[in-house]
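Trainee: Please find one structure pasted underneath; my questions will follow.
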Amino acid sequence: MKAEKIYLLDLGWLGGDLGWFLPGAAGGALTNSNKNVKRTWVEIPVTAAVVMHKDGVVLFDTGISPLAMKTHAPGLMEAFPITKFNDDNFIERQLANIGLVPGDISFIVISHLHLDHIGQAAIFKDYKVPIVVQKRELEYALSMIWQGKGGAYDQADLVPLMGASWHPIDDKKFELMDGITLEFTGGHTPGHQVMIAETNSGSTYVFTGDYIHLPEEHEIEAKGWLLGDADEWHSYIRKLKLIEKSRKAKLVISHDPKLWDKYPKGKAID
Ligand SMILES: [Zn+2]
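When you number the sequence shown by this note's numbering, it's gap-free, plus one each residue, and the end is 291.
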């Protein structure tokens, strides 16, 4: 038996310079024939996914802390401010909308530990929900924070999770349950992973995390300033396109500005 139902959670919106996502002229860089480019500000949704399976409920990513504008590094929040977050964007509320409470979550899979993916994980700590993350990601995030150069990793997210039920994995491919697989991608951060879910109805979804922020990155096969390791990123994009073709997989791009036009809020996408 594969996944039974999949829902997406609406966890607010962030803003940022388009150059973080798209490279070169696509991201607004000056070119020989256009030296008067204006920088472009984009707003992107912060989302997570819930996969219901007979063996448990999987939460993929946990959004951003509602307190981040006050508790996180000021420079980070200047670059990526929260532009919308209301009472409905708390993860408890989003789970309630689909008939769940935090204690119903069996596993939390984290694509990577940046602020907009681990931000609301602390509410699950008391329930001892296993947090599945690439070991390399956890080590890198803590190492950078310890050196005082956390970038988009923030100690306000990670310190409260000390002693949580961490399950660091170092597999390139890890089958969490029948039809739900985690795949190492790297490329954006050193330990980034995506989740692939097959459903009983025969669909396959790839939850891209921030391996892909915007659909245009997928189209032009390139990434802006948020590109970490180019070799890893370019290797996986060709593999991803193979998976899309051979398994008719659909991508769920969590920060796609049009995500909520493509999928209805509060209703199962499959
Ligand atoms: Zn993100």
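Every residue gets a Cβ at the ideal spot worked out from N, C-alpha and C, and that includes glycine.
Owing to the predicted nature of the structure, the values given are computational and were not obtained by experimental measurement.
Span of the alpha helix (DSSP H) holding Gly287?
Mentor: Position 266 of the sequence shown, counted from the start, is the residue given in the question as residue 287. It is not in any alpha helix (DSSP H) - Gly287 carries neither H nor E in the DSSP assignment.
Trainee: Leaving out five residues before and five after Lys149 in sequence, what residues of the same chain have Cβ atoms less than 6 Å from its Cβ?
Mentor: Counting from one through the sequence shown, the residue named residue 149 turns up at place 128. Here the set comprises Ser186.
Trainee: Using a Cβ distance threshold of 8 Å, determine whether the region 132-152 contacts the region 205-224, with at least three qualifying pairs required.
Mentor: Enough Cβ pairs lie closer than 8 Å, so yes.
Trainee: By alpha-carbon positions, which one of Asp231, Trp281, Glu265 and Ile258 ends up nearest to Trp41?
Mentor: Looking up residue 41 in the sequence shown gives position 20. Checked all of Asp231, Trp281, Glu265 and Ile258; the closest Cα to Trp41 is Asp231.
Trainee: Could you tell me which residues DSSP puts in a beta bridge with Thr68?
Mentor: Indexing the sequence shown from 1 puts residue 68 at position 47. Answer is Asp31.
Trainee: Can the beta-carbon of Ile27 be found closer than 7 Å to that of Val67?
Mentor: In the sequence shown, the residue the question calls residue 27 occupies position 6. In the sequence shown, the residue the question calls residue 67 occupies position 46. Not in contact: Ile27 and Val67 (Cβ atoms no closer than 7 Å).
Trainee: Apart from the five residues just before and just after Thr6, which ones in its own chain have a Cβ nearer than 6 Å to its Cβ?
Mentor: Past the edges of the chain, shown from 22 to 291, lies residue 6, and the structure says nothing about it.
Trainee: For the alpha helix (DSSP H) that contains Gln168, what are its first and last residues?
Mentor: Counted from its first residue, the sequence shown places residue 168 at position 147. Segment: none, Gln168 is in no alpha helix (DSSP H) and carries neither H nor E.
Trainee: Does ligand 1 have a heavy atom nearer than 6 Å to the CB of Asp38?
Mentor: Counting from one through the sequence shown, the residue named residue 38 turns up at place 17. No, since every heavy atom of ligand 1 falls outside the 6 Å radius drawn around the Cβ of Asp38.
Trainee: Indicate whether the contact test is met: 3 or more Cβ pairs, each with one atom in the region 106-125 and one in the region 139-155, closer than 8 Å.
Mentor: Counting Cβ pairs under 8 Å, three or more are found: they touch.
Trainee: Is Asp231 near ligand 1, in the sense that its beta carbon is under 6 Å from a heavy atom of that ligand?
Mentor: As a first step, residue 231 is located in the sequence shown; it is residue number 210 there, counting from the start. Yes - ligand 1 has a heavy atom lying nearer than 6 Å to the Cβ of Asp231.
Trainee: Within 10 angstroms of the Cβ of Pro95, are there 16 or more other Cβ atoms? Answer buried if so, exposed if not.
Mentor: Sequence index remark: in the sequence shown, residue 95 carries index 74 (1-based). Burial call: exposed.
Trainee: Would you please state the rounded distance, in angstroms, between the beta carbons of His188 and Ile152? I believe it to be under 8 Å.
Mentor: The residue you call residue 188 lines up with position 167 of the sequence shown. The residue you call residue 152 lines up with position 131 of the sequence shown. Contact flag correct, Cβ pair sits at about 6 Å.
Trainee: Is Thr83 closer than 7 Å to Ala70 when the C-beta atoms are compared?
Mentor: Position 49 of the sequence shown holds residue 70. Position 62 of the sequence shown holds residue 83. The answer is no: Cβ separation not under 7 Å.
Trainee: Cβ-heavy atom distance between Asp277 and ligand 1 below 6 Å?
Mentor: The sequence position of residue 277 within the sequence shown is 256, counting from 1. Outside the cutoff, so no.
Trainee: Bridge partners of Asn107, per DSSP?
Mentor: Position 86 of the sequence shown, counted from the start, is the residue given in the question as residue 107. Its beta-bridge partners do not exist; DSSP assigns none.
Trainee: Please name the residue, chosen from Glu158, Gly77 and Ser164, that lies closest to Gly124 on a Cα-to-Cα basis.
Mentor: For this step, residue 124 is matched to residue 103 along the sequence shown. Measuring from the Cα of Gly124, the nearest candidate turns out to be Gly77.
Trainee: When DSSP builds the beta bridges, which residues end up paired with Lys271?
Mentor: Counted from its first residue, the sequence shown places residue 271 at position 250. Answer is Tyr226, bridged to Lys271.
Trainee: Buried or exposed, going by whether 16 or more other CB atoms sit within 10 Å of the CB of Gln168?
Mentor: Taking the first residue of the sequence shown as 1, we reach residue 168 at position 147. Label assigned to Gln168: exposed.
Trainee: For a quick check, are the C-beta atoms of Arg268 and Thr225 less than 7 Å apart?
Mentor: Numbered from 1 along the sequence shown, position 247 holds the residue referred to as residue 268. Numbered from 1 along the sequence shown, position 204 holds the residue referred to as residue 225. A contact, by the Cβ cut-off of 7 Å.
Trainee: Report yes if the C-beta distance between Ile274 and Ile233 is below 7 Å; otherwise report no.
Mentor: In the sequence shown, the residue the question calls residue 274 occupies position 253. In the sequence shown, the residue the question calls residue 233 occupies position 212. Cβ atoms of Ile274 and Ile233: closer than 7 Å.
Trainee: Using a Cβ-Cβ cutoff of less than 7 Å, which residues in the same chain neighbour Lys288 once the five nearest sequence positions on both sides are dropped?
Mentor: Here the question's residue 288 lines up with position 267 in the sequence shown. If we look at Lys288 and ignore the five residues flanking it on each side, it has no Cβ neighbours.
Trainee: Between Leu121, Leu97 and Lys193, which has its C-alpha nearest Gln155's C-alpha?
Mentor: Your numbering for residue 155 matches position 134 in the sequence shown. Here the closest residue by C-alpha is Lys193.
Trainee: Quick check: what's the CA-CA separation for Gly207 versus Ala243?
Mentor: In the sequence shown, counting from the first residue as 1, residue 207 sits at position 186. In the sequence shown, counting from the first residue as 1, residue 243 sits at position 222. Taking the straight line joining both Cα atoms gives about 14 Å.
Trainee: Does DSSP put Ile217 in a helix, a strand or coil?
Mentor: In the sequence shown, counting from the first residue as 1, residue 217 sits at position 196. Looking at Ile217 - three-state DSSP - the assignment turns out to be strand.
Trainee: Does the Cβ-Cβ distance between Leu43 and Glu237 come in under 7 Å?
Mentor: By 1-based counting over the sequence shown, the position of residue 43 is 22. By 1-based counting over the sequence shown, the position of residue 237 is 216. A contact, by the Cβ cut-off of 7 Å.
Trainee: With DSSP as the reference, please indicate the residues paired to Glu204 in a beta bridge.
Mentor: Taking the first residue of the sequence shown as 1, we reach residue 204 at position 183. In the DSSP output, where bridge partners are listed per residue, Glu204 has Lys194 and Val215.
Trainee: Buried or exposed, going by whether 16 or more other CB atoms sit within 10 Å of the CB of Val58?
Mentor: Stepping through the sequence shown from its first residue, residue 58 is reached at position 37. Flag for Val58 reads exposed.
Trainee: Under three-state DSSP, which class holds Met73?
Mentor: Working through the sequence shown from its first residue, we reach residue 73 at position 52. In this structure, Met73 counts as strand in the three-state DSSP scheme.
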